[in-house]
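Asker: Residue numbers (the working numbering): 2 to 90.
Idealized CB from N, CA, C, for every residue including glycine.
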């Protein structure tokens, strides 16, 4: 069953392209049965620097815990925050 594939129009702006795809299905323009899975191993989540004030004794305890696990303390804080967030969802 060969389906007629339409050509993708040329867009003059991102807004015009966005409006087009809101109203049209990509299967009119692509044969998704020929799609291949790709891996993008170098993509990293966007991070934002924040300032967080902690009592010195708490920071020291976190650093000790991180040192015992042989990981940077900021990484350990991120892991703990993520775990706590998952447990509350």
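Should residue 29 and residue 7 be called a contact, given that it needs their Cβ atoms to be closer than 7 Å?
Answerer: In the chain shown, residue 29 corresponds to position 28, counting from 1. In the chain shown, residue 7 corresponds to position 6, counting from 1. Yes, the Cβ-Cβ distance between residue 29 and residue 7 is below 7 Å.
Asker: If you draw a straight line from the alpha carbon of residue 38 to that of residue 31, how long is it in whole angstroms?
Answerer: As a position in the chain shown, residue 38 is number 37, starting the count at 1. As a position in the chain shown, residue 31 is number 30, starting the count at 1. Near 15 Å, if we compare the C-alpha coordinates of residue 31 and residue 38.
Asker: What is the rounded straight-line gap between the Cα of residue 67 and the Cα of residue 84?
Answerer: Counting from one through the chain shown, the residue named residue 67 turns up at place 66. Counting from one through the chain shown, the residue named residue 84 turns up at place 83. Taking the straight line joining both Cα atoms gives about 15 Å.
Asker: Within the continuous alpha helix (DSSP H) that includes residue 61, where are the two ends?
Answerer: In the chain shown, counting from the first residue as 1, residue 61 sits at position 60. 57 to 70 is the span of the alpha helix (DSSP H), which, as asked, contains residue 61.
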